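In UniProt numbering, the protein residues as written are 1 to 153.
The beta carbon of each residue, even a glycine, is placed where N, CA and C say it ideally should be.
Note that the coordinates shown come from a computational prediction; the quantities given were computed from them, not determined experimentally.
Scroll down for the structure; my scribbles are underneath it.
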């Protein structure tokens, strides 16, 4: 395996956290094949440039904080990137339960208020659909919405 490719991969991994599938695709772009890819990935792991658990934690925490994604959407995205169930579980532990509930309630209240003037059932339905699409669990979304509706004067 050539040193230039390995150096590019190190830089690629140092720039931001990467998962194994992203690095695998980058290896293909750099012209590495088969055994060379396995060797490069093993070396990146040994040198601590590549760590899937660290990636899952950074990804889950980042998507929750910046995009206010729910656990389900984060899980699906990590599965799509072929991250192991163990690492997904570790990543989701980065999300504080109180912050998660507060974010869900804030998102629900904001969406519900934006639909003012709609038929009340339609307003509820659209709010639930929005929260589920953001990756929040339907039962939690329902509970948050019920609280908003019941607190309304």
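Ranked by Cα distance from residue 136, the first of 83, 90 and 68 is 68. Relative to the Cα of residue 145, the nearest Cα in the group 117, 116 and 111 belongs to 111. Residue environment: residue 52 is assigned as buried (16 or more neighbouring CB atoms within 10 Å of its CB, all protein chains considered). Counting the other CB atoms within 10 Å of its CB gives residue 121 a total below 16, which places it among the exposed residues.
Note on geometry: alpha-carbon atoms of residue 63 and residue 78 lie some 11 Å from one another. With a beta-carbon spacing of about 14 Å, residue 23 and residue 56 fall beyond the 8 Å limit used to define contacts. Cβ atoms of residue 9 and residue 27 come within 8 Å of each other, at about 7 Å. At the C-beta level, residue 54 and residue 17 come within 8 Å of one another.
The continuous alpha helix (DSSP H) containing residue 27 extends over residues 20-29. Annotated three-state conformation of residue 148 is helix, per DSSP.
Of 101, 150, 102 and 99, the smallest CA-CA separation from residue 124 is found for 150.
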